Structure formats: structure tokens, C-alpha cells
Amino acid sequence: MKKGDLLYQGKAKSVYKTDDPSLYIMEFRNDTSAFDGAKKASLDRKGEVNNRINAYVMEKLAAEGIPVHLKSMLDANNSLVMKLDMIPVECVVRNRAAGSLCRRLGIKEGQALVPPTYELFLKNDELHDPFINDSHALTFGWATEAQLAEMKAQTLKVNTVLSRMFDAAGMTLVDYKLEFGVSEGRIYLGDEFSPDGCRIWDKATGEKMDKDRFRQDLGNVIEFYLEVGKRLGVPL
Ligand code: ADP
Ligand code: UDP
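Adding 6 to a residue's 1-based position in the sequence shown gives its number in this note's numbering.
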């Protein structure tokens, strides 16, 4: 499958048309950003590492019955995906307190969250991805009631599958963000699952192994992404 016109250049990935109107190519670039694009860098190998981790995770999720947009990995930096009409709502599950939850509610980082929390954010950089609820999504037409229910069910199912998978590999899945989209009236998990969009801590030491290394200038960002991949068994 060959790349056609560039459709969208995001902060970390680019989306291209293909010969098939129902398929896109998603290119994982080395560009990385934090704080809604305010902090930027290019990290050697990041695109490849995330593309490979994403393909591995999406295939595991598909095997567990979760509908995903990934068709196949094409090469080191590119994957073939279904064309989706993206729902502009980010679905976040948290197993441990970190990031904006701590800032908003004054919860101590690391506190276990039982049951895990489930939150929605509007995908809008200019507004800094504000916290929203179902009512906002319905009133403003970002998602229907049925879509909200399906997104929640799938996001929580992902938690069951991935928490077990990371735990078995000596890591804690602290939190993660998922995006969904629609094709022919059905919901699919879109975008990516990689250390860019989740928090992962070493189970033994508590060391951060995700994008917080970039956000907080902890160093060795890609070395830790590679370690995440290796522990999961991703060919890297
Ligand atoms: P951002 O838009 O936040 O800068 P990225 O750099 O990751 O993010 O760009 C990828 C873009 O592609 C995102 O806007 C995401 O919503 C969108 N996207 C992800 N999967 C699909 C898909 N299957 N079809 C269409 N768009 C998608
Ligand atoms: N996240 C993301 N993209 C966003 C916002 C959050 O991938 O635009 C991820 C983030 O990496 C973390 C989880 O969602 O794994 C929860 O993020 P949080 O709300 O704590 O926000 P942050 O502290 O990252 O601003």
C-alpha cells in the first residue's frame, strides 16, 4: 500500500490517504510534544519504537475482541489503519493517581485508585483538552449516548487486558488515554497505544518509563520506551 496525499500532520504522527478510500497510513514521527505543544523535541527512534509497541498492543487487544483500527504494520514508522471519523473525546482510565488528577483534586501521586477512575476530556489543544462529562458530549454533539457507553465499555475492557499484561512484564499501568472513531456506524479504537499516551512505572522501583520522562526532563526517554517494549516482548 502506497502513501497518497498528506491529510493531517499532528504533533507526533501524520495521516496519509491511500489508494483505498477506506484506509489511511499513519506515520509515527520522532517529534514529541508536551503541554499541548508548548514543549517540543525530536527524539531519535521514537517513531519506530512507538509504531512497534502500538502494533503489538493493538494486536493483543484485537485478539481479546476489542475492535481496533489497525490493519497491519507496513514498515518501521508506518501502519495501515481504517479511516475513522474521530470522536473528539479522550477517554482516560487511571489505576494510580498521577498528572492532572493530582493537580485537580489534590490527590497524592501514586495513590491506588479502586475502582479505577474513568474520565473524559475534549480533544482541543487551544482549550488545553478540558475535562468534560457525558452531558457536555451529548449537548454539544461530540458523541451519542450509545457511543459514550461503547467507549466506556471498551476503555475499561482495555484496562483489564493491559493491566494484566504490564503487570506480568514487571510494570504498573498507571493511566492511559484512548481515542475512538466511527466507521460505517461502528466504533473502533483509533490513534495509538504507546508510552506517549500512558503512564507506566517499574513495578519494583517505581521508576517512570513513559512520556513523563520527557515532560519532567528525567532523561533517557527512548531508552525507557525501548525497555517497555522489550519487557512486553515487542520485537525491537
Ligand atoms: P494530535 O492531533 O493530538 O497532534 P497526533 O500527532 O497523534 O495527534 O496525530 C494523529 C491524529 O490522527 C490525531 O488527531 C488522531 O485523532 C487522528 N487519528 C487517529 N487514528 C485515526 C484514524 N483511524 N482515522 C482518522 N484519524 C485518526
Ligand atoms: N494523555 C494523552 N494526551 C493528552 C492528555 C493526556 O496521551 O492530550 C495521557 C497522558 O499521557 C496520561 C493520561 O492521558 O497517560 C492522563 O493524563 P493527565 O490527565 O494526567 O494529563 P497530564 O498530566 O498528562 O497533562
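Here a beta-carbon is modelled for each residue, glycine too, at the ideal position from N, C-alpha and C.
Owing to the predicted nature of the structure, the values given are computational and were not obtained by experimental measurement.
The alpha-carbon separation between lysine 129 and glycine 196 amounts to approximately 14 Å. The way I'd put it, the segment 138-155 doesn't touch the segment 169-179; fewer than three beta-carbon pairs between them come closer than 8 Å. The beta-bridge partner set that DSSP reports for threonine 38 consists of Ala47. Remark: the shortest separation between the CB of leucine 90 and any heavy atom of the ligand ADP falls under 6 Å. In the structure shown, methionine 7 falls within a coil segment according to DSSP collapsed to helix, strand and coil. Under DSSP, the beta-bridge partners assigned to tryptophan 207 are Thr178 and Lys214. Not one heavy atom of the ligand UDP is found less than 6 Å from the C-beta of aspartate 131. Of the residues Gly53, Asp11, Tyr62 and Ser48, the one whose Cα lies closest to the Cα of arginine 237 is Tyr62. Exposure of arginine 109 is indicated by the presence of fewer than 16 other C-beta atoms within 10 angstroms of its C-beta. Taking the Cα of proline 94 as reference, the smallest distance to any Cα among Asp140, Asp50, Met32 and Val227 is reached at Asp140. Bounds of the beta strand (DSSP E) holding valine 87 are 84-88.
In this structure, the C-beta of glutamate 185 approaches the ligand ADP to less than 6 Å from one of its heavy atoms. The C-beta of glutamine 117 has fewer than 16 other C-beta atoms within 10 Å across all chains shown, which makes the residue exposed.
DSSP, reduced to helix, strand and coil, places lysine 17 outside both helices and strands of the structure shown, so it counts as coil. Residue pairing by DSSP leaves leucine 238 without any beta bridge partner. A distance below 8 Å between beta-carbons, with the five flanking residues on each side excluded, links lysine 77 to the following residues of its chain, in chain order: Leu29, Ser85, Leu86, Val87 and Met88.
Under the DSSP definition of a beta bridge, glutamate 185 partners with Glu96. At least one heavy atom of the ligand ADP lies closer than 6 Å to the C-beta of tyrosine 30. Within the same chain, Glu115, Val180, Asp181 and Arg205 come within 7 Å of alanine 104 by CB-CB distance, once the 5 residues on both sides are set aside. When rounded, the separation of the alpha-carbon atoms in proline 201 and asparagine 56 is 7 Å. A residue is called buried when at least 16 other Cβ atoms come within 10 angstroms of its Cβ; alanine 47 does not meet this threshold and is exposed. Annotation for alanine 118: the continuous beta strand (DSSP E) segment containing it runs 118-128.
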